[in-house]
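In my numbering, the protein residues as written are 1367 to 1790.
Take a look at the structure set out below.
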Amino acid sequence: MRLFLVLAAVAAATAEYVPGKAFDRFITIWLENQDFSAVDKNSDIAGLAKEGILLTEYYGLTHPSQPNYIASVGGDYFGLNNDGFMRIPQNVSTLVDLFDSKNIDWRGYFEALPGPGFMGEGSTAFDGAGWDYVRKHNPFVSYDSVNLNGTRLSKLQSFTEFDSDVKANTLPQYAHLSPDMLNDGHNTSLQYAANWTQSFLTPLLSNEQFMNRTLILLTYDESATYPLPNHIVSLLLGGAVPSNKKGTTDDTIYTHYSILSTLENNWELPNLGRYDVGANVFQVVADQTGYTNHAPSDAASVNNSLSYPGFLNNEPSKYLPIPAPNLKLVGAGGQGVDSSVHNYWNTAENQLTPYDGSGTLYDGGNGVSDPNAPVYKAQAPAPNVTSTASGPSSTHKSGAMRVIVLDIRWLGLGLVAALGFVRL
């Protein structure tokens, strides 16, 4: 069933461009399941590292894949310990809400995604041997605040759209890229994924329009060897990396929450009131913004191999309700929690919360004991606030005329309204 409506209304509109303190565009590309020690020896990855900064102390948050993805945009993985079909209630805000507060354009690009709004767990490969696109590698679609919003769903696109956007120089200011299950190395090998990554990134790194004030994070979701600390290779690349930093290393401790804190710091965004607050900002950005990082006090004891209790944990003994965000936190952007967080949680200001803004790392222990489980406390300001807002971010606006096309279609598992904009 497919209903197609064309609204032939032509209206004046403004397209906003929001400059950041250290970069104007952020691209993150995720590969799969490799230990730091293995990737660090790969010649293709080593070649890319010469063009950027190797983050030597970057850690995944838990196993398996899916919780790492959802945490990177939501500020917590809520105890998730599996790759099943998840729905996270609408009262849990994400990075998307933070971007909307500043009118920052964003998109997710997923190789082999059948179409915007696809809700299935995966799409079948051409040879029928497995899945190409998988939902578990899409950090946005599990959140009801995204999957129940047709406009937001329309921003989850395929690599075909990414290629078109690169050629047209119409990329958003934030993009998450997940290759398919072959190119990300999940169903192939380290070398296969490294070959793909080099061939994919090399032309982009020589594209001046793409590179201009762009920061690229190439990362892995998790390590391959579960009993070991969840140590993964991550690289910072792009035109936003100063020339004197290329070929260097950074030994600051980071996790996937550092993606959130870095974006908040760069664009003076509000925060989610969760583990985004207190996570270290990428040092190359902090050097330009004046932000001060802090080493987690418990870093030496954390393994990040097992998930702590939460509402997405499928072990009955480890179920906990969704924690209230800490409404009193000020994040790396120098702002308080986002208005969407306040709107949903304003009656929970007296609830205990595990989010104290300290940057402490938490995991599920060793399967016998859990000394690093989250600690619930009264809501209070973060102890390590080092950034203050310098006023509202400025925006560059350009007038434009758009034809608005509303495409409503039934995709088997959900009704999706996608808005397409054509500049005149």
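Glycine included, every Cβ here is placed at the ideal spot set by N, Cα and C.
What you are looking at is a predicted structure, and each value in this text was computed from that prediction instead of being measured.
Option in 1504, 1449 and 1592 with minimal Cα separation from residue 1672:
In the sequence shown, residue 1672 corresponds to position 306, counting from 1. The shortest C-alpha separation from residue 1672 is found at 1592.
Tell me where the beta strand (DSSP E) around residue 1598 begins and ends.
By 1-based counting over the sequence shown, the position of residue 1598 is 232. 1597-1603 is the span of the beta strand (DSSP E), which, as asked, contains residue 1598.
Whole runs of the beta strand (DSSP E) within the segment 1491-1575, excluding any shorter than 3 residues:
1497-1500 and 1540-1544
Excluding the five sequence neighbours on either side, which residues of its own chain have a C-beta within less than 8 angstroms of the C-beta of residue 1746, listed in chain order?
The sequence position of residue 1746 within the sequence shown is 380, counting from 1. These residues qualify, in order along the chain: 1692, 1694 and 1722.
Would you mind stating whether residue 1615 and residue 1411 have Cβ atoms separated by less than 9 angstroms?
Counted from its first residue, the sequence shown places residue 1615 at position 249. Counted from its first residue, the sequence shown places residue 1411 at position 45. No, Cβ-Cβ distance for residue 1615 and residue 1411 is not below 9 angstroms.
Going by beta carbon distance, what residues of the same chain come within less than 7 angstroms of residue 1527, once the five residues before and after it are set aside?
By 1-based counting over the sequence shown, the position of residue 1527 is 161. Contacts found: 1475.
In this structure, how does DSSP classify residue 1703 when only helix, strand and coil are distinguished?
Residue mapping note: residue 1703 aligns to position 337 of the sequence shown, counting from 1. Strand, per DSSP.
Limits of the beta strand (DSSP E) - the one that residue 1616 falls within
Within the sequence shown, the letter at position 250 stands for residue 1616. First-last of the beta strand (DSSP E) with residue 1616: 1614-1616.
Would residue 1680 and residue 1729 qualify as a contact pair, given that the criterion is a beta-carbon distance under 9 angstroms?
On the sequence shown, position 314 is the one that residue 1680 refers to. On the sequence shown, position 363 is the one that residue 1729 refers to. Result no, Cβ atoms of residue 1680 and residue 1729 do not sit closer than 9 angstroms.
Considering just the uninterrupted stretch of the beta strand (DSSP E) at residue 1685, what are its terminal residues?
Indexing the sequence shown from 1 puts residue 1685 at position 319. Run containing residue 1685: none; DSSP gives neither H nor E here.
What residue range does the alpha helix (DSSP H) around residue 1648 cover?
Locating residue 1648 in the sequence shown gives position 282, where the first residue counts as 1. That residue, residue 1648, is in no alpha helix (DSSP H); it is neither H nor E in DSSP.
Which listed residue (1436, 1719 and 1739) has its alpha carbon closest to that of residue 1727
For the purposes of this step, residue 1727 is taken as residue 361 along the sequence shown, with counting starting at 1. The shortest C-alpha separation from residue 1727 is found at 1739.
Could you compute how far the alpha carbon of residue 1665 sits from the alpha carbon of residue 1744?
Taking the sequence shown and counting its residues from 1, one reaches residue 1665 at position 299. Taking the sequence shown and counting its residues from 1, one reaches residue 1744 at position 378. Cα-Cα distance, rounded: 23 angstroms.
Compute the Euclidean distance between the alpha carbons of residue 1623 and residue 1436, then round it to the nearest angstrom.
Working through the sequence shown from its first residue, we reach residue 1623 at position 257. Working through the sequence shown from its first residue, we reach residue 1436 at position 70. For residue 1623 and residue 1436, the distance between alpha carbons rounds to 10 angstroms.
Rounded to whole angstroms, what's the CA-CA distance from residue 1580 to residue 1383? Just pull it up for me.
Here residue 1580 is taken as the residue at index 214 of the sequence shown, counted from 1. Here residue 1383 is taken as the residue at index 17 of the sequence shown, counted from 1. If you take the alpha carbons of residue 1580 and residue 1383, they lie about 14 angstroms apart.
Can you tell me where the alpha helix (DSSP H) with residue 1465 in it begins and where it stops?
As a working mapping, residue 1465 is identified with position 99 in the sequence shown. Note, residue 1465: alpha helix (DSSP H), 1461-1468.
Nearest to residue 1708 by alpha carbon, out of 1395, 1459 and 1388?
In the sequence shown, counting from the first residue as 1, residue 1708 sits at position 342. It is 1459.
Quick one: residues in its chain with C-beta nearer than 6 angstroms to the C-beta of residue 1643, no 5 flanking neighbours on either side, listed in chain order?
Along the sequence shown, one-based indexing puts residue 1643 at 277. So the qualifying residues of the chain are 1637, 1695, 1697, 1723 and 1748.
In angstroms, rounded to a whole number, what distance separates the CA positions of residue 1544 and residue 1397?
Within the sequence shown, the letter at position 178 stands for residue 1544. Within the sequence shown, the letter at position 31 stands for residue 1397. Taking the straight line joining both Cα atoms gives about 7 angstroms.
List the DSSP bridge partners of residue 1581.
Taking the first residue of the sequence shown as position 1, residue 1581 is located at position 215. Looking at the DSSP assignment, residue 1581 forms a beta bridge with 1392.
Ends of the beta strand (DSSP E) at residue 1425?
Stepping through the sequence shown from its first residue, residue 1425 is reached at position 59. From DSSP, the beta strand (DSSP E) with residue 1425 extends over 1419-1425.
Can you tell me which of the three DSSP states residue 1379 falls into?
For the purposes of this step, residue 1379 is identified with residue 13 of the sequence shown, where counting begins at 1. Per-residue confidence for residue 1379 stands at a pLDDT of 34, beneath the threshold of 50, marking its modelled position as unreliable; the derived number appears in the next sentence. Residue 1379: strand per DSSP, three-state reduction.
For the segment 1546-1553 against the segment 1397-1407, do three or more pairs of beta-carbon atoms, one drawn from each stretch, fall closer than 8 angstroms, so that the two count as touching?
yes
Length of the line joining the Cα atoms of residue 1393 and residue 1499:
Position 27 of the sequence shown, counted from the start, is the residue given in the question as residue 1393. Position 133 of the sequence shown, counted from the start, is the residue given in the question as residue 1499. Using only the alpha carbons, I get a separation of about 19 angstroms.
With DSSP run on the structure shown, which of helix, strand or coil describes residue 1627?
As a first step, residue 1627 must be located in the sequence shown, where it is residue number 261. In this structure, residue 1627 counts as helix in the three-state DSSP scheme.
Let me know if residue 1734 comes out buried or exposed under the rule of 16 or more other beta-carbons within 10 Å of its beta-carbon.
One-based indexing of the sequence shown puts residue 1734 at position 368. Under this definition residue 1734 is an exposed residue.
Comparing alpha-carbon positions, which option in 1506, 1657 and 1589 lies nearest residue 1455?
Translated into positions along the sequence shown, residue 1455 becomes position 89. Its Cα nearest to that of residue 1455, the residue 1506 stands out among 1506, 1657 and 1589.
Nearer than 8 angstroms: is that true of the beta carbon of residue 1703 relative to any heavy atom of the ligand MN?
The ligand MN is not among the ligands present in this structure, which contains no ligands whatsoever.
Nearest to residue 1719 (by Cα), restricted to the options 1423, 1649, 1641 and 1572
Within the sequence shown, residue 1719 is the residue found at index 353, counting from 1. Cα-wise, what sits closest to residue 1719 is 1641.
Neighbourhood of residue 1422 by C-beta, 6 angstroms cutoff - its chain only, sequence neighbours within 5 removed
What you label residue 1422 is simply residue 56 of the sequence shown in a count that begins at 1. Within the same chain, residue 1422 has close Cβ partners 1615 and 1617.
Is DSSP giving residue 1713 helix, strand or coil here?
Taking the first residue of the sequence shown as position 1, residue 1713 is located at position 347. If DSSP states are grouped into helix, strand and coil, residue 1713 belongs with the helices.
For residue 1684, count neighbouring Cβ atoms within 10 angstroms of its own Cβ and tell me buried if that reaches 16, exposed if not.
Here residue 1684 is taken as the residue at index 318 of the sequence shown, counted from 1. Residue 1684 should be labelled buried.
From the beta carbon of residue 1522, is the nearest beta carbon of chain D less than 9 angstroms away?
Protein chains in the displayed structure number just one, and chain D is not present.
Residue from 1390, 1713, 1732 and 1408 with nearest C-alpha to residue 1558
Position 192 of the sequence shown, counted from the start, is the residue given in the question as residue 1558. The shortest Cα separation from residue 1558 among 1390, 1713, 1732 and 1408 belongs to 1408.
Can you look up residue 1397 in the DSSP assignment and give me helix, strand or coil?
Residue numbering aside, residue 1397 sits at position 31 when the sequence shown is read from its first letter. Here residue 1397 sits in strand by DSSP.
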